[in-house]
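Numbering (my numbering), first residue to last: 1 to 538.
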């Protein structure tokens with residue numbers, strides 16, 4: 001029963017994570033949409049999530065009827081149950097078999113069904129799947145050297161790779177459509193005949209101005225499709241009526257900036273509301289222990305939350321900071337702690353453990369500084385009290401979040417080695433979401449606020465295809481008094497940008513994978529909480 005409850009919690013956290021990301025992307029795209037409308041640009045579609053459902057019936061063109069779809073669904077549910085039971089109850093053989101079904105057998109079955117429907121050859125129907133497997137294994141090889149990678153971990157990577165391969169196969173009819181073709185419309189070449197294939201949203205409504213508002217299938221973001229956003233070799237994009245490039249470079253710059261701006265503002269609003277209604281946890285600089293991490297030196301030495309430390313290594317302490325200063329420079333040295341509990345004094349010996357990597361040095365206000373070094377820690381945090389802020393205080397406090405994020409990003413540029421401890425991708429964010437959900441709705445909203453601000457700041461990086469990269473192009477054209485850059489220059493800039501973004505994605509995935517494989521790492525730092533709760537490992 002406990003295993004089923006835990007599985008339910010994981011599923012709930014996954015759903016919460018997808019909802020948060022979907023909402024944040026929708027807010028970001030809403031900024032682009034409103035700004036585009038304000039400058040008279042035509043927005044053909046505003047979509048939440050990605051990908052549609054194929055509505056074209058191709059079954060009449062099948063050579064042989066396909067097996068009922070419910071068989072695939074039942075098989076998938078059985079495989080998921082095997083993975084869950086095997087992992088939670090300690091049956092690795094069952095878990096491995098379930099993963100094999102999910103990562104290899106079922107994707108091949110689904111691929112052959114899609115391929116038969118599209119009348120693809122065996123090679124063509126399995127090509128996206130095989131390519132995804134090779135990419136997944138190559139990524140695993142590059143990031144880990146296949147050291148300490150077991151079968152379950154390899155199959156898990158292949159499962160995600162297979163998901164990508166199946167989606168690529170499913171959307172083949174629209175992946176190579178013309179840029180100006182209506183959204184969701186593609187075609188297949190069946191027996192020498194061009195057969196139209198249409199993918200439609202789950203829910204759609206067309207506004208009076210012609211914009212289609214829709215809810216799509218896959219929780220992978222969203223978009224605002226502004227007309228005429230694709231540069232042409234002949235420069236005809238500037239002639240598209242109410243198109244993106246038909247407007248001035250300044251107008252385009254503002255439309256591009258509006259997305260990141262909305263993301264940052266949304267995060268600031270969330271933080272402000274949380275600080276006003278829920279408040280924030282403020283550190284209490286007294287030598288009284290707060291959370292004590294299980295298995296840490298403090299716990300092994302018998303210390304508990306609420307204990308008041310009187311002295312450390314013979315030196316009296318009157319604040320928690322006094323204790324930090326003594327402990328952090330004496331890793332590996334046995335220290336005598338005198339403490340009070342229930343009015344009685346006791347003595348214990350604790351040996352601080354050294355960090356596995358440099359961590360921020362805490363100031364006398366119990367706040368992290370830019371300085372970082374390997375420190376001794378006993379695994380105990382300080383106490384805190386929750387304080388509701390006034391509106392001006394909350395707004396000022398919220399504005400600290402983007403400032404700290406920018407400072408953190410600059411610090412990463414100066415010291416890239418910090419990335420393995422401070423950067424995280426989808427897997428890390430999903431894990432953080434799980435822990436945030438355990439702590440309550442306020443913490444989850446705090447996480448959403450931090451992610452929204454991060455989304456806005458990251459999109460301002462001057463790298464195409466991010467908003468910031470396109471803003472640079474628009475700014476250069478402003479300096480050129482509106483003259484467009486040549487298509488060759490635009491393509492070169494776009495290619496360089498895509499390479500950089502791809503490198504960033506691979507790097508983040510590598511960090512996630514190393515955490516998944518149990519490599520030493522800590523969750524990324526940043527305001528993912530509505531409060532400033534004390535770290536549990538001081």
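A virtual CB, placed ideally from N, CA and C, is assigned to each residue, including glycine.
- The criterion of a C-beta distance shorter than 8 Å is not satisfied by residue 35 and residue 181.
- The three-state reading of DSSP puts residue 220 in strand, counting E and B together.
- Under DSSP, residue 340 takes part in a beta bridge, and its partners are 308, 345.
- Taking C-beta atoms under 8 Å as the contact rule, residue 308 and residue 287 qualify, at a distance of about 6 Å.
- Taking 8 Å as the cut-off, the Cβ atoms of residue 387 and residue 290 do not count as close.
- CA-to-CA, the gap between residue 106 and residue 460 works out to about 40 Å.
- The continuous alpha helix (DSSP H) containing residue 260 extends over residues 249 to 277.
- Taken atom to atom, the span from the alpha-carbon of residue 275 to that of residue 432 is near 20 Å.
- Taken through DSSP and simplified to helix, strand or coil, residue 127 comes out as helix.
- Note that the C-beta distance between residue 186 and residue 202 is not below 8 Å.
- Judged by DSSP in its simplified three-state form, residue 378 adopts coil rather than helix or strand.
- The C-alpha of residue 91 is placed about 41 Å away from the C-alpha of residue 26.
- Apart from sequence neighbours up to five positions away, the residues of its chain that approach residue 437 with a beta-carbon distance below 6 Å are 13, 16, 444, ordered along the chain.
- Counting every other CB atom within 10 Å of its CB across the protein chains shown gives residue 263 a total of 16 or more, marking it as buried.
- Taking the C-beta atoms as reference points, residue 315 is found nearer than 8 Å to residue 326.
- Looking at 231, 254, 48, the one whose alpha-carbon comes closest to that of residue 468 is 254.
- Per DSSP, the continuous beta strand (DSSP E) segment holding residue 359 begins and ends at 359 to 362.
- About 6 Å separates the Cβ atoms of residue 352 and residue 330, confirming a contact at the 8 Å cut-off.
- The beta carbon of residue 31 is closer than 8 Å to those of 258, 259, 260, 261, 262, 263 in its chain, skipping five residues each way along the sequence.
- Less than 8 Å separates the beta-carbon of residue 482 from that of residue 248.
- In the three-state reduction of the DSSP assignment, residue 468 falls in the helix class, which pools H, G and I.
- Residue 329: not part of any alpha helix (DSSP H); DSSP gives it neither H nor E.
- Looking from the CA of residue 502, the closest CA among 463, 477, 486 belongs to 463.
- Per DSSP, the continuous alpha helix (DSSP H) segment holding residue 96 begins and ends at 92 to 100.
- Under a 10 Å Cβ-count criterion, residue 362 is classified as buried, with 16 or more other Cβ atoms of the shown protein chains found around its own Cβ.
- By the Cβ neighbour-count rule, residue 457 is buried, with 16 or more other Cβ atoms within 10 Å of its own.
- Looking from the CA of residue 299, the closest CA among 310, 378, 153 belongs to 378.
- Annotation for residue 103: 155, 158, 159, 162 place their beta carbon closer than 6 Å to its own, counting only its chain and skipping 5 residues before and after.
- At a Cβ-Cβ threshold of 8 Å, residue 360 and residue 368 count as neighbours.
- Selection 384, 371, 382, 375 evaluated against residue 407 yields 371 as nearest (Cα-Cα).
- Non-local beta-carbon contacts of residue 302 in its own chain, meaning distances under 7 Å to residues more than five positions away in sequence, involve 348 in chain order.
- Per DSSP, residue 319 lies in no alpha helix (DSSP H) and is assigned neither H nor E.
- Residue pairing by DSSP puts residue 199 in a beta bridge opposite 54.
- Each residue's CA atom was taken as its position, placing residue 168 and residue 52 some 13 Å apart.
- The beta carbon of residue 245 is closer than 6 Å to those of 228, 237, 238 in its chain, skipping five residues each way along the sequence.
- Counting C-beta pairs closer than 8 Å gives fewer than three between the region 114 to 121 and the region 129 to 146, which falls short of the contact rule.
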